[in-house]
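Student: Dropping the structure in here first, questions after.
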Amino acid sequence: MDVVTLKYLYHFDREYEIVEKQALVIVPNTVVTANDEGWHIEVIEKKDADGIVLNWRTVTNITFYPNEIVTETDFTSLKELSVAEMFQRFAEVSKKKA
4 MDVVTLKYLY HFDREYEIVE KQALVIVPNT VVTANDEGWH IEVIEKKDAD GIVLNWRTVT
64 NITFYPNEIV TETDFTSLKE LSVAEMFQRF AEVSKKKA
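Numbering-wise, my numbering puts 90 at position 87 of the sequence shown, and it's gapless, one number per residue.
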């Protein structure tokens, strides 16, 4: 898996804005991105000539409690882990909060 920075084109209140997101590429055109509460698994459907993501489809949202699991996790630190190791890391962050 690779970690990349993607640029997404958003439309907010009649204005367009480009938002950069760190993404963990799980297969070509399918990525995991983060927000304040959790992760999104997204399929990238269309990019422009500059690589800006124009169309995407969110496959699922994963919400983590406590939110520190999201804010304290960098995709770069996860890319070499197995799924079990990844969830073990999340449990360690969760225990620090308790």
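Positions of the beta carbon are idealized from the N, C-alpha and C atoms, including for glycine.
Note that the structure is predicted; figures quoted are calculated from it, not measured.
Could you say if the region 25-40 and the region 74-83 meet the contact criterion of at least three C-beta pairs nearer than 8 Å?
Tutor: Cβ pair count under 8 Å is three or more, so yes.
Student: Might you give, ordered along the chain, the residues of its own chain that have their beta carbon closer than 6 Å to the beta carbon of residue 6, omitting 5 neighbours on each side?
Tutor: Position 3 of the sequence shown holds residue 6. If we look at residue 6 and ignore the five residues flanking it on each side, its Cβ neighbours are 27, 78, 79, 82.
Student: Is it buried or exposed for residue 55, if we count other Cβ within 10 angstroms and need 16 for buried?
Tutor: One-based indexing of the sequence shown puts residue 55 at position 52. Per the 10 Å Cβ criterion, exposed.
Student: Hey, out of 47, 65, 10, whose CA is closest to residue 41's CA?
Tutor: What you label residue 41 is simply residue 38 of the sequence shown in a count that begins at 1. For the residues 47, 65, 10, the minimum Cα distance to residue 41 belongs to 65.
Student: Within its chain, find whatever has a CB closer than 6 Å to the CB of residue 43; leave out the 5 residues flanking it on each side and keep chain order.
Tutor: As a working mapping, residue 43 is identified with position 40 in the sequence shown. Excluding residues within five positions, the ones whose Cβ falls inside 6 Å are 36, 61, 64.
Student: Tell whether a beta-carbon distance below 8 Å holds between residue 48 and residue 58.
Tutor: Here residue 48 is taken as the residue at index 45 of the sequence shown, counted from 1. Here residue 58 is taken as the residue at index 55 of the sequence shown, counted from 1. Result yes, Cβ atoms of residue 48 and residue 58 sit closer than 8 Å.
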